[in-house]
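Chains as they are written, first to last, in this note's numbering: chain A, 7 to 408; chain B, 7 to 408; chain C, 7 to 408; chain D, 7 to 408. Encoded as structure tokens, the structure appears first; notes follow it.
4 protein chains.
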Amino acid sequence: MARRPGRNFLFVPGPTNVPDRVLRAMMVAQEDHRSPIFPELIKPAFEGLKKVYKTTEGQVFIFPSSGTGGWEAALANTLAPGDKVLNSRFGQFSHLWTDMAQRLGLDVQVLEEEWGTGAHEEKIEEALTKDTAHEIKAVMVVHNETATGVTSNIAAIRKAMDNAKHPALLLVDSVSGLGSIDFRFDEWKVDCAVSGSQKGLMLPAGLGFVAVSQKALNLRKNSKLNKVYFDFQDHINTNGSGYFPYTPATNLFHGLREALRCIEEEGLENIFHRHAVLARATRAAVDAWGLKLCAKSERWHSDTVSAIVVPEGIDAAKIIRHAYDRYNLALGAGLSKVAGKVFRIGHIGDLNELMLLGAIAGAEMAMLDNGVNIKAGSGVGAAQDYLRDNPIERQAATPKAA
Amino acid sequence: MARRPGRNFLFVPGPTNVPDRVLRAMMVAQEDHRSPIFPELIKPAFEGLKKVYKTTEGQVFIFPSSGTGGWEAALANTLAPGDKVLNSRFGQFSHLWTDMAQRLGLDVQVLEEEWGTGAHEEKIEEALTKDTAHEIKAVMVVHNETATGVTSNIAAIRKAMDNAKHPALLLVDSVSGLGSIDFRFDEWKVDCAVSGSQKGLMLPAGLGFVAVSQKALNLRKNSKLNKVYFDFQDHINTNGSGYFPYTPATNLFHGLREALRCIEEEGLENIFHRHAVLARATRAAVDAWGLKLCAKSERWHSDTVSAIVVPEGIDAAKIIRHAYDRYNLALGAGLSKVAGKVFRIGHIGDLNELMLLGAIAGAEMAMLDNGVNIKAGSGVGAAQDYLRDNPIERQAATPKAA
Amino acid sequence: MARRPGRNFLFVPGPTNVPDRVLRAMMVAQEDHRSPIFPELIKPAFEGLKKVYKTTEGQVFIFPSSGTGGWEAALANTLAPGDKVLNSRFGQFSHLWTDMAQRLGLDVQVLEEEWGTGAHEEKIEEALTKDTAHEIKAVMVVHNETATGVTSNIAAIRKAMDNAKHPALLLVDSVSGLGSIDFRFDEWKVDCAVSGSQKGLMLPAGLGFVAVSQKALNLRKNSKLNKVYFDFQDHINTNGSGYFPYTPATNLFHGLREALRCIEEEGLENIFHRHAVLARATRAAVDAWGLKLCAKSERWHSDTVSAIVVPEGIDAAKIIRHAYDRYNLALGAGLSKVAGKVFRIGHIGDLNELMLLGAIAGAEMAMLDNGVNIKAGSGVGAAQDYLRDNPIERQAATPKAA
Amino acid sequence: MARRPGRNFLFVPGPTNVPDRVLRAMMVAQEDHRSPIFPELIKPAFEGLKKVYKTTEGQVFIFPSSGTGGWEAALANTLAPGDKVLNSRFGQFSHLWTDMAQRLGLDVQVLEEEWGTGAHEEKIEEALTKDTAHEIKAVMVVHNETATGVTSNIAAIRKAMDNAKHPALLLVDSVSGLGSIDFRFDEWKVDCAVSGSQKGLMLPAGLGFVAVSQKALNLRKNSKLNKVYFDFQDHINTNGSGYFPYTPATNLFHGLREALRCIEEEGLENIFHRHAVLARATRAAVDAWGLKLCAKSERWHSDTVSAIVVPEGIDAAKIIRHAYDRYNLALGAGLSKVAGKVFRIGHIGDLNELMLLGAIAGAEMAMLDNGVNIKAGSGVGAAQDYLRDNPIERQAATPKAA
């Protein structure tokens, strides 16, 4: 294939755009992961991630894995075969987590929700209230369903659990939420929160993260699900002194250190604000096009990804392929139930206004080229109007380190 | 300062956007520039540049310098103190080259042209025709005047010189033209053509290039202008075997090798086509805004940079500063005579449609925020319409190497 | 801490020294792992690894994990809870694999061997011959025991299994062998061969590899050990078209592509030869020092790591720490039973004579500084003599690609 | 050619080994060299270089050039055609500087010194004392003659000039000295001190530096030698606000910032100490081999490069070529008068003990393979003995920045 000039516009909801300085930081010579100075790299990584999770009480685990590995760690270290878990299903990732739980031998009570909505806290409360025997050992929730662009309200779910006075664990997938939209591990009394490096953390893929409450940690002896690679205990034995039970992905840790610096310099609340602004600008463009989001109402709007429903008779897959081939724009495909019906714009990671406007312009052209009846420049113009009124810089952030 | 999220949109007319693979190629350990294998890096660089210059007869010199160094080399190796040269002046860079010639002790006959126009071949012909004594030793021309976005017609100037049957050398500055717009060293019988690494060659700054005809080379013994660093002779003595008279900028040579591969993979004619398309899309946006270019007519339109005149009463410098501060967009400032009156969009280097549309969107917002009466999305929309009809990929290029 | 000048000499048996070009190759912008061109990166990786494994019949799996993850995948996909497995134990890594098997619910029959020896094929044959009921489902062997610098003879073990006419699977850990010492998956009829990226493959840590025979693959439906992340089936469903069931560690794949090119350019047999030469030079130094290897006899000598026994009364840990602090040399520590008694020199990965001689010189100084009675320069001199007589370049390798 | 495993051992006296972090720092996207934030990169570079030069009164100029360009700038900005200058010649670089001065139209009074010695301050004093008319406008000295491994005593030369009460300028080439051996611009009342990026500054080649005294600066109006590219005045006009008269080599400035941080973290005096220790270890090896340095006596020993005389009947060029081809070791060749008679070990830049010992081991093998009668390990052993007694870390340096 001939060389493609210029940069690819990466607007899938992960892997996300990563700052060059993070990539640079990773380009280091190999090192002994048992050296006396290795802990200087490792210990601050755990501390930094705890700030991102907003936890002081939980413990964070880092695996050389994807977020899927983090899911498995969360389940395998807290539950036993045959345990009942409750899971709301409303998209591809909440589906896959259900599937994993079943394959690991858990008994999953699925709350089916319409795709385009999320975890209904009222239904969770109802289910838990009914479970007077406390057979449900854990509530599994996907915080941000990447497939449909839907965010569930974890605070409300915690409240529902409290209302039901139910002792189940709260296990949350925030793979495409953490670091981009607000997440409060301690305040929301989350028990396991799973994430990955390639989304809001602005790193290449290869690290899975799990924050774990003391309540959940205490269950690990009884968990009885086979695991070694993902066993918290082996990590507990070594992490404290700055080491790992097996060779960690050292270069990614150098990237993680730099990514955490980026987050600190911009400021976590500023980052949430920026994602909110860029998401709203995207939704302004969708409105201007006269199209609908997959998310059924504002209640469910995700600030990291928008799934856009194409008009009847149009194949979203063709738009996506054309955007890639003709305009070097990577859009997210519709998955499973919404395949061919939606395309997704990921507005997550290291992103700014002009990057987004370039992507919106590209989506616009790809739609026009595929017969969608919109006006060139209309979505861009609406997004511009929004962005002019709403700066992505919420406030002066912490001063940049030297 | 707080961290700025996302990428800077670099739309000055150089330094240009450089492919990541070129940057990567430069990140090599240091090496002995007198090693037996060093020529394997150097010799193909000369050959590759000759293809970009479209010369088989000329010789290329590579200096650790900017393009300004290339200017000095071109003058100092071909002329003697007091020699008369003819130079059309119509912008900041044609002015500076005049200034250099004067400071080097040359007698410059300046053809003053209105800024926004370029070198008028008819006036050059007239001047040369009058010079029956052949006192004019060289015609100096800036191929692409970066300050005003004006391209002069080198083929026409050669024809004018031929018409006048004048033996003067033809010295051309194609710093912001070479590798982006067509340049035909042999066909146009150019004698010295100066360029630099940080424009169409898609490299960081630090290398100056000069292609030199045999006719010009033959004059070097009589040149009598003092020089050592820029002396062609020292390079002739060593370049043939793949070495240099002093330590070359070795890392940039690794970048140059990769940049030449990029050029070959995309194809030089395809690159020219791409620049033409992106330039026209930019001009479509300017039209849609109801604004004018600094270039007075289509005859002078540059395909690598557009200087856009802002309405009376608006300070272009404020737009530029605002674009940088608020939208992370680097636009070119108006220089000298046109300071405050124009801003410039450089559309040169490793660029594609969405990058350009992001920049146009940014310029649009910066103008709106500064009181220019245009409609959000109007320029983007016009550019999109043009780009949808005119793919930047002219044709299948040469297959990519493994 | 103050800046340490110069390079760290990394002579642990992994992570190994990685060519700069591999690091460079990894420094790429993020990309959509579901893009149409992603398979162009992935498919050749599987093919290249098969060449390194010397298999045409086996299938290779690549996990975002360490080698430990590969171990777990090998066991979890081929065995059922309660299955009996046979494992020779003679070092820290053969111990840990036993431990994993037990924790996964397998019934491990351990053949205890003296540390410094390896898997005794004759004892394996005896055990299998006794097992007339074929209760043993798998023979687990560590090819190269990194803790003691011992290599077992996999070909001989295969012969022992054939002699016993036993149908057990042959599961091999070649984490610190593959790509550095000969490994013949098909010829030796290995069923699972586990490796990792950070050893002979000359990559940063983060990828686990498992080559799997068709015989082993066919058992996956009956494996009954819980797994999702490491489930071969999910990978089989997606790998064929160039994708993965979850986000792969994309940047490491760019490194893997380049590392495989490095291997092809040098030539696999040349690489084995080079490791053999450097290992022998190391052993010549140990002889000259008058010290002994942990490996009890030539039969067990490893070509990727030498564990050197320090004299009575000397604490090897102090030598290692001093080498690191004073000479910036990372040596491998003695683990478990041999802690304090040995230090290890890893001579694996992207290494040449002068790097090794620098490390030997450093080990020499660190021993002298800690009271070991040897002569400065003695080990280096012996290694030099060997190296002068035995070039690391066995033969002209395949021509370098452009 | 087949891939060469491992690292090249770079022991020429420049380009030197550069810390990876400096290379990483250079790998940044291009930027507008007229942006509002560009001065944040530039201004500290000037300040940092002044510390390395030990000047508060002088002004530093940075050119996109080699050190040769710095030479030309020093001469062209301070002297007029026909001016008389005094230059001691005792090696290839002091010869080339003489040659440049002559080609620029200066009248050079050459003090010929035996190669292997340096600038004899007593002869300079004598010449200046004789010059009662003060016709000599400048004394040119090469601080560290790279060709022969000879260091001249600049403090003593200043004293000689003061003794002679002569107003001539003191122009010093410290290309291979600055940043590695002590240099005191203010204390020694140097007027121009030339250096380059690729030696003690631990950067890739491409930047030339000149520190200039106020006395020398005041002469620039009368200098009358033609120059534009190297004209101090254009830089004075722009440097103060953080800009340049033409496009600077921006990526190298990012490297310069990081290199200056490296220097600050290690501490300049510690760096000098380290170079002294490594140089003495090298000389201990030469002694042990029973060979002689080109430098005639301790008075002239250079701490950045040792030129080693091979025995009669041996061709040093063959040793150098063999070291490169067989052991991947780059040694410096003998230049001009000493071609074939010496090989050079550069011990300058980012270097530590084990790197040096690897190089000494390599030189040893290359000599043995070419018939030099030495004992394997002898030079290494002597250097080890010296290094064990003399740590390269003189003292705790300034704490490392975060």
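Don't be surprised by glycine CBs; every beta carbon is placed ideally from N, CA and C.
| query | For Ile48/B, which residues from the same chain have a beta carbon less than 6 angstroms from its beta carbon, with the 5 sequence-adjacent residues on both sides left out? | reply | The residue you call residue 48/B lines up with position 42 of the second sequence. Correct list, in chain order: Gly248.
| Cβ-based neighbour list, Gln65/D, same chain, cut-off 6 angstroms, excluding 5 preceding and 5 following | Here residue 65/D refers to the residue found at position 59 of the fourth sequence. Within the same chain, and ignoring the five residues on either side of Gln65/D in sequence, the residues whose Cβ sits closer than 6 angstroms to its Cβ are Val218.
| For chain A, is any of its Cβ atoms less than 8 angstroms away from the one on Ala51/D? | Translated into positions along the fourth sequence, residue 51/D becomes position 45. Not an interface residue.
| request: For the alpha helix (DSSP H) containing Leu102/C, list its first residue and its last residue. | output: Here the question's residue 102/C lines up with position 96 in the third sequence. 98-109 is the span of the alpha helix (DSSP H), which, as asked, contains Leu102/C.
| Should Ile351/C and Ile314/C be called a contact, given that it needs their Cβ atoms to be closer than 8 angstroms? | Sequence index remark: in the third sequence, residue 351/C carries index 345 (1-based). Sequence index remark: in the third sequence, residue 314/C carries index 308 (1-based). Result yes, Cβ atoms of Ile351/C and Ile314/C sit closer than 8 angstroms.
| field | Residue-level contact to chain D via CB, Thr104/B, 8 angstroms cutoff | value | Here residue 104/B is taken as the residue at index 98 of the second sequence, counted from 1. No, Thr104/B lies away from the interface with chain D (no Cβ there is under 8 angstroms from its Cβ).
| field | Cβ of Arg30/C within 8 angstroms of any chain B Cβ | value | For the purposes of this step, residue 30/C is identified with residue 24 of the third sequence, where counting begins at 1. Chain B contact via Cβ: present.
| Residues near His385/C in its chain [Cβ-Cβ closer than 6 angstroms; skip 5 each side] | On the third sequence, residue 385/C is found 379 positions in, with the first residue counted as 1. For clarity, residue 385/C is Gly in the given sequence; the question names His instead. Counting only Cβ-Cβ distances below 6 angstroms, and skipping sequence neighbours, we find Ala291, Ala294, Trp295, Ile366, Glu370.
| message | Taking the beta strand (DSSP E) that Lys56/C belongs to, which residues open and close that run? | response | Here residue 56/C corresponds to residue number 50 of the third sequence, with the count starting at 1. Lys56/C -> not in any beta strand (DSSP E); alpha helix (DSSP H) instead, spanning 44-59.
| request: Look at the alpha carbon of Arg9/A and the alpha carbon of Glu270/C, and state the distance between them as a whole number of angstroms. | output: Within the first sequence, numbered from 1, the residue matching residue 9/A stands at position 3. Within the third sequence, numbered from 1, the residue matching residue 270/C stands at position 264. Using only the alpha carbons, I get a separation of about 25 angstroms.
| Beta carbon of Asn14/B, beta carbon of Ala336/B: below 8 angstroms? | As a first step, residue 14/B is located in the second sequence; it is residue number 8 there, counting from the start. As a first step, residue 336/B is located in the second sequence; it is residue number 330 there, counting from the start. In this structure, Ala336/B lies closer than 8 angstroms to Asn14/B by Cβ.
| task | Report back the beta-carbon spacing between Gly5/C and Cys300/C to the nearest angstrom; my notes put them in contact at under 8 angstroms. | result | With chain C running from 7 to 408 in the structure shown, residue 5/C is simply not present.
| Ala265/A CB to nearest chain D CB: under 8 angstroms? | In the first sequence, residue 265/A corresponds to position 259, counting from 1. By this cut-off, Ala265/A is not an interface position.
| Gln98/D, buried or exposed, once every other Cβ within 10 Å from all chains shown has been counted against 16 | Residue mapping note: residue 98/D aligns to position 92 of the fourth sequence, counting from 1. Classification for Gln98/D: buried.
| Terminal residues of the beta strand (DSSP E) in which Ile380/A lies | As a working note, residue 380/A is residue 374 in the first sequence. It is not in any beta strand (DSSP E) - Ile380/A carries neither H nor E in the DSSP assignment.
| Cβ pair count under 8 angstroms reaching 3, the region 89-98 of chain A against the region 149-164 of chain A | Contact annotation: the region 89-98 of chain A touches the region 149-164 of chain A, with at least three C-beta pairs closer than 8 angstroms.
| task | Using alpha carbons as the reference points, say which of Lys324/D, Met361/D, His281/D, His241/D lies closest to Gly441/C. | result | No statement about residue 441/C is possible, as the shown extent of chain C runs from 7 to 408 and does not include it.
| Can we say the region 260-279 of chain D touches the region 259-268 of chain B, given the rule of at least three CB pairs closer than 8 angstroms? | Too few Cβ pairs lie closer than 8 angstroms, so no.
| task | Decide if Lys406/D is buried, meaning its Cβ has at least 16 other Cβ atoms within 10 Å, or exposed. | result | Mapped onto the fourth sequence, residue 406/D falls at position 400. Bear in mind that the predicted position of Lys406/D carries a pLDDT of just 45, short of 50, making it unreliable; the figure below should be weighed with that in mind. Label assigned to Lys406/D: exposed.
| request: Measure the C-alpha to C-alpha separation of Ala323/B and Leu225/D and round it to an integer number of angstroms. | output: For the purposes of this step, residue 323/B is taken as residue 317 along the second sequence, with counting starting at 1. For the purposes of this step, residue 225/D is taken as residue 219 along the fourth sequence, with counting starting at 1. Answer to the nearest angstrom: the Cα atoms are 37 angstroms apart.
| query | Where does the unbroken alpha helix (DSSP H) through Gln220/C begin, and where does it stop? | reply | Numbered from its first residue, the third sequence carries residue 220/C at position 214. Start and end: 220-224.
| message | Let me make sure I understand the geometry here. Which of Leu231/D, Lys165/D, Leu341/D has the alpha-carbon closest to that of Trp121/D? | response | Taking the first residue of the fourth sequence as 1, we reach residue 121/D at position 115. That would be Leu341/D, whose Cα lies nearest to the Cα of Trp121/D.
| field | Given Leu184/A as reference, the closest of Lys230/A, Lys129/A, Phe259/A, Val58/A once Cα atoms are compared | value | Within the first sequence, the letter at position 178 stands for residue 184/A. Nearest C-alpha to Leu184/A: Val58/A.
| Mind checking if Phe26/D is an interface residue toward chain A, Cβ cutoff 8 angstroms exclusive? | Along the fourth sequence, one-based indexing puts residue 26/D at 20. Rather than Phe, the amino acid found at residue 26/D in this sequence is Asp. Yes, Asp26/D lies at the interface with chain A (some Cβ there is under 8 angstroms from its Cβ).
| In chain B, which residues lie with their C-beta within 7 angstroms of the C-beta of Ser41/D? | Taking the first residue of the fourth sequence as position 1, residue 41/D is located at position 35. In chain order: Tyr330, Ala336.
| said: Please report the straight-line C-alpha distance between Gly246/D and Phe67/D, rounded to a whole angstrom. | reply: Walking along the fourth sequence from the start, residue 246/D turns up at place 240. Walking along the fourth sequence from the start, residue 67/D turns up at place 61. Their backbone Cα atoms lie some 11 angstroms apart in a straight line.
| query | CA-CA distance, Leu16/A and Arg40/D? | reply | For the purposes of this step, residue 16/A is taken as the residue at position 10 of the first sequence. For the purposes of this step, residue 40/D is taken as the residue at position 34 of the fourth sequence. Straight-line Cα distance between these residues: approximately 29 angstroms.
| query | Taking C-alpha atoms, which residue in Thr288/D, Pro25/D, Ala80/D, His101/D lies nearest to Val200/D? | reply | Counting from 1 along the fourth sequence, the entry for residue 200/D is found at position 194. Considering only alpha carbons, the answer is Ala80/D.
| query | Among the residues of its own chain, which have a CB less than 7 angstroms from the CB of Gly346/D, if the five just before and after it don't count? | reply | Sequence index remark: in the fourth sequence, residue 346/D carries index 340 (1-based). Counting only Cβ-Cβ distances below 7 angstroms, and skipping sequence neighbours, we find Asp321, Ala322, Ala323, Gly340.
| task | Name the residue from Glu141/C, Ala287/C, Thr135/C whose alpha carbon lies nearest to the alpha carbon of Lys165/C. | result | Walking along the third sequence from the start, residue 165/C turns up at place 159. Among Glu141/C, Ala287/C, Thr135/C, the Cα nearest to that of Lys165/C belongs to Thr135/C.
| said: Along the chain, where does the beta strand (DSSP E) containing Arg350/C start, and where does it finish? | reply: Stepping through the third sequence from its first residue, residue 350/C is reached at position 344. 348-352 is the extent of the beta strand (DSSP E) around Arg350/C.
| task | Using the Cα positions of Thr404/D and Arg332/B, report the straight-line distance between them to the nearest angstrom. | result | On the fourth sequence, residue 404/D is found 398 positions in, with the first residue counted as 1. On the second sequence, residue 332/B is found 326 positions in, with the first residue counted as 1. The predicted model places Thr404/D with a pLDDT of 47, which falls under 50 and marks its position as unreliable; any figure quoted below should be read in that light. The C-alpha of Thr404/D lies about 38 angstroms from the C-alpha of Arg332/B.
| field | For Gly246/A, the three-state DSSP class (helix, strand or coil) | value | Position 240 of the first sequence, counted from the start, is the residue given in the question as residue 246/A. DSSP places Gly246/A in coil when its eight states are reduced to three.
| query | From the beta carbon of Met371/D, is the nearest beta carbon of chain C less than 8 angstroms away? | reply | As a position in the fourth sequence, residue 371/D is number 365, starting the count at 1. Yes, Met371/D lies at the interface with chain C (some Cβ there is under 8 angstroms from its Cβ).
| task | Sort out for me which residues DSSP pairs Arg95/B with in a bridge. | result | Position 89 of the second sequence holds residue 95/B. DSSP, once it has assigned bridges, lists Glu118/B as partnering Arg95/B.
| message | Does any residue of chain A have a CB that is nearer than 8 angstroms to the CB of Gly75/C? | response | By one-based count along the third sequence, residue 75/C stands at place 69. Cβ-Cβ to chain A under 8 angstroms: yes for Gly75/C.
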